[in-house]
């Protein structure tokens, strides 16, 4: 019984962390059709921003939820202005450029921080369920990802910016026709996507051994989740994260972590073979 | 499409190849040259299916690795190199044919296709990477997990397992292999099959409406690309004398894509030059330790995309045309065209 | 943050200093030392300090008048964590640069990528890294700790601190697989029981399920030969679940790349390890070494086990050259096999003539406030694992890596 | 009675809850020219896609020259000798006119014959001066003409055209009309079209679609004067 509960928590955590990892990429890809291969490094920098802020005496929650998204969002803004802006509509070129950026960021962070940066401990203690100790921080991650989804939904549904964003997602030329500068929309989108990546990196930082090359672990997973989700931003994110999270955790518990990861990948292949446009290309059509 | 005459094309290729094979060893050690040639062939394999067939494969490294591992495993078991070389071409081709049929008959396109190939590469990588235990054996060959397989029989004269082809001879072997593959690719692109493949790249629906079985043709082209990548993998294995899971890695796949873009997509020579050039650059950078090399490569890529987006070869051709050209064909390769191809 | 910038500047200063001294005193004909390490890319946490150690050792040798009246020149290549570049630079070193000796290689795969090249070209090769043991090749010298030297001491100590039921979490590659087998053997030898063994490929970073299944098995002790950045996540998630003070833990790898500095004190304190070196070694040799390092690079915090191994490897080679009066391969090997020993920052290192491995001190330690506190020093331990299968004096043509059957 | 080249029974296509094509029964004879008309969303394009293999119908059957082809892929249908032109120009922008047409000819002939056929069609459609220009650089009317060329180069016995005259100049339309009339000497032709002027100039029999189903089928003049048709289609259009 205790074990069932532990497994349940781990499964929820797996889904939540997939949502966190993929959300930033989903925003950028969904709105701009740009695949940001530096997404993992944005997360990594979120982690470093958090650690630096905490070491400077900032409260850890402020550092994770405010400082890191802002810092990474600003880095994203600079990147968008200097590089991405020149490459809109050229899918493959943006991939090459962002791959270059990811290498650049790894090099920069190594130069600045070195390879042994002391991490920060989780601010929430573990707690006991029967005979088991559970990582209390898992609940925080689950909460953050739910909150993130709610905020995204609220922004898209209830604000003017969200309306423009939805319009842009469906017809990228529409917003321009209505007199909104696509340049500014893209700028804002990239800022948001980067900030969300920074948030994800910051929130996951206390659970991982953060080194400059940590970002590489996220990008493939995020990419697969976003593409498998299909065209609807939030519904796609939730459905594919849930599917992949459950499948991988099930096999992790049943067999081993490697089989869990392989199961996730196999699930992705099968899914895309059956639904070539992603989950929401078939279901939840036209939803967010 | 290729518009010069066939004879002229072959003669040019042979003359340029002969010159390069004679001159390059005076400038760069043959050992390093060998791997540049091998990478050139790998670049050509993706350049063929992507630049001319419009299939963006994120997992070309899978066939490279598969070729290398097939060779290594077979060489350990057979103790000679001829049959392993053949297998190293056939196994990746067969694998690609099955995977390709699954994808193309499922009408998967562009970015979805990219994800599937990426995922399949990751699966192979994860599998090979977790085979360190003694239970993972194929015949006499331990798969070795992360450490890979060292110490297999390297290339020998067919039928004489003790006469090794190595050193300078191996360089000439690889260089000639690349020339042959290059000529085969040229021939393929001139054939009806190649011209239809370019048609598919340009407009898949139209080619289907003409009555061509697009899925079958893409599958065949995909398998040909995999066969070339597999051959280059086997050549690599012979050169490095060890195969490791790194050959399957995401980084390796990305590098191949980068070679093609930097060299020039939609050309035959571009990906070859892009591969050899970037690999040599990496080699040169490794000789300095003042600045982090990851950082430099990253910067170079970004600058490339921003300032030389069409790739080296088309840029050089453009300059040549502007400087010396008499006939001006309008807009051979517009930016719009390039974007269109990537989606199509 | 500022620390590394200082490191960088300090490094440049050290080069300049090293370049200026010898010009006056030494002959133009240099001795070439090839170095081949991952100074960038995903393994740079190991490789960069090793590279610094090589340069420090050589500048000290040159400052003391060089070897045989000649200056030692470092020809270093950064393999960028790419195995293919090892093959390339290995060839470059032996063919083009024609170096007199090669030091380097970090992962076992990188060693195997260049070992045969070195053997064929008759270039003496020093692999200065803690590894799984069993390499038997007259052309190679290895001064890193092998499992028997380390595990044989660590397991009984750690079991004594906890209890007989042991759970093993190992990296899923050559090193982890072999080390896990050694751990099982010594657990059984000491009357304990192995209740579980899990292997993790190097890129696994999510250990929630593992932590739950460990709790189901409820062992007394965890032995964790885990490797690399992703695996560090285990120690953090373990602490986050509040397990750290419930089940004691020991590792054969944590700390060789200064991992104990990435973990916070709360996460690391109490983890038991056994190595040849610790920055906290309170010996005059180590204190002097740290001062010299700090003088060259501005700060000594980057030093780790592998860097010291590398430093000691270069120093051992230098001593052998002095004794042989030559950099040629045969006299060098003769000198190395003569029971040669040096005193390094980590104590006395003696070359084992039978295996070309090292006889060295192993310190039982525990993490304490991001340092490794020495608990007990076990002097001059023999590489008994490799000795059991390898005898280069009886069998000089041997060229295999034995996998020791236990 | 002439041979039936195209026939559908109860052809139905549903998208979710929407029935885009509702039990359509359709018959076409050899060398017949038939126009499909109807307001936007009437289902004529869906019907067109179902018979050309671009969509697989939810239920019902399609027969061509007596053979059941329901659910076939477009390339299989085209291989029977059916020429298909989709609504948006579907050509290969980076290839020149000759190459475009040659590719279509090569499907049914060997290389030498394909070369000859392609030259032939280029002459016939008066594309000679632009034969070596990439399609991406041509005007809309020229592109439409090229597409018609690559539809006809395979000597089809059934031609399916979706809005061939859309966006063309009066002169181009006139030329198009001639080409279509020539086509009907050897092939049956189905045309989906909005342009009533154009339909009047070529058509005899017209099928009117409304809400996925066939509303009526008659000679063009009869259709034009029918009040129901005027109501659902022409009335709104005017």
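Residue numbers (this note's numbering), protein chains in the order written: chain A, 1159 to 1446; chain B, 53 to 396; chain C, 7 to 412; chain D, 273 to 510. Backbone N, C-alpha and C fix where the C-beta goes; we use that ideal spot for every residue, glycine too.
Simplified DSSP assignment, three categories, for residue i
i, result
"residue 237(C)", "helix"
"residue 1218(A)", "helix"
"residue 273(C)", "helix"
"residue 296(B)", "coil"
"residue 453(D)", "helix"
"residue 401(C)", "coil"
"residue 12(C)", "Any answer about residue 12(C) is weak, because its pLDDT of 40 lies below 50 and its placement is not dependable; what the coordinates show is given next. The answer is helix: DSSP assigns residue 12(C) an H, G or I state."
"residue 27(C)", "Here the model assigns residue 27(C) a pLDDT of 43, short of 50, so the residue's position is not dependable and the matter cannot be decided."
"residue 491(D)", "strand"
"residue 1300(A)", "helix"
"residue 272(B)", "helix"
"residue 283(C)", "coil"
"residue 339(D)", "strand"
Cutoff 8 Å; reference residue i; Cβ partners in own chain excluding five residues on either side
i, result
"residue 1255(A)", "1241, 1242 and 1245"
"residue 346(D)", "324, 325, 326 and 356"
"residue 457(D)", "303"
Contacts that residue i makes with chain B (C-beta to C-beta distance below 7 Å)
i, result
"residue 1268(A)", "344"
"residue 418(C)", "Since the first residue of chain C shown is 7 and the last is 412, residue 418(C) is not available in this structure."
Start and end residues, alpha helix (DSSP H) containing residue i
i, result
"residue 1191(A)", "Segment: none, residue 1191(A) is in no alpha helix (DSSP H) and carries neither H nor E."
"residue 136(B)", "134–157"
"residue 347(D)", "346–351"
Within chain A, the residues that residue i reaches when beta carbons sit closer than 9 Å
i, result
"residue 159(B)", "1434"
"residue 273(C)", "1277 and 1279"
"residue 172(B)", "1423 and 1427"
"residue 270(C)", "1276, 1277, 1278 and 1279"
Contacts of residue i in chain D (Cβ-Cβ under 8 Å)
i, result
"residue 260(B)", "345, 346, 347 and 350"
"residue 247(B)", "371, 374, 375 and 378"
Cβ neighbours of residue i in the same chain (closer than 6 Å, five flanking residues each side left out)
i, result
"residue 366(C)", "282 and 355"
"residue 1218(A)", "1212 and 1281"
"residue 322(B)", "315, 316, 363 and 365"
"residue 89(B)", "226, 227 and 230"
"residue 274(C)", "266 and 373"
Local Cβ density within 10 Å of residue i, reported as buried at 16 or more and exposed below that
i, result
"residue 50(C)", "buried"
"residue 500(D)", "exposed"
"residue 363(C)", "buried"
"residue 340(B)", "exposed"
"residue 404(D)", "exposed"
"residue 469(D)", "exposed"
"residue 78(B)", "exposed"
"residue 232(B)", "exposed"
Residue i - containing beta strand (DSSP E), residue span
i, result
"residue 257(C)", "255–257"
"residue 308(D)", "305–309"
"residue 355(D)", "354–357"
"residue 320(B)", "Careful: residue 320(B) lies outside any beta strand (DSSP E) and carries neither H nor E."
Same chain, Cβ closer than 7 Å to residue i, five either side skipped, listed in chain order
i, result
"residue 190(B)", "125"
"residue 1175(A)", "1299 and 1362"
"residue 1160(A)", "1287, 1288, 1289 and 1290"
Interface residues of chain B facing residue i [CB-CB closer than 9 Å]
i, result
"residue 358(D)", "257, 258 and 261"
Partners in chain A for residue i, counting only beta-carbon separations shorter than 8 Å
i, result
"residue 209(C)", "1375"
Within chain C, the residues that residue i reaches when beta carbons sit closer than 8 Å
i, result
"residue 1411(A)", "215, 218 and 219"
Chain C contact residues for residue i, given Cβ-Cβ distances below 7 Å
i, result
"residue 1171(A)", "214"
Where residue i meets chain B, residues with beta-carbon distance less than 8 Å
i, result
"residue 367(D)", "53, 250, 251 and 254"
If you measure beta-carbon to beta-carbon, which residues of the segment 220–250 of chain B are closer than 8 Å to chain F?
-> This model lacks chain F altogether, as its protein chains are A, B, C and D.
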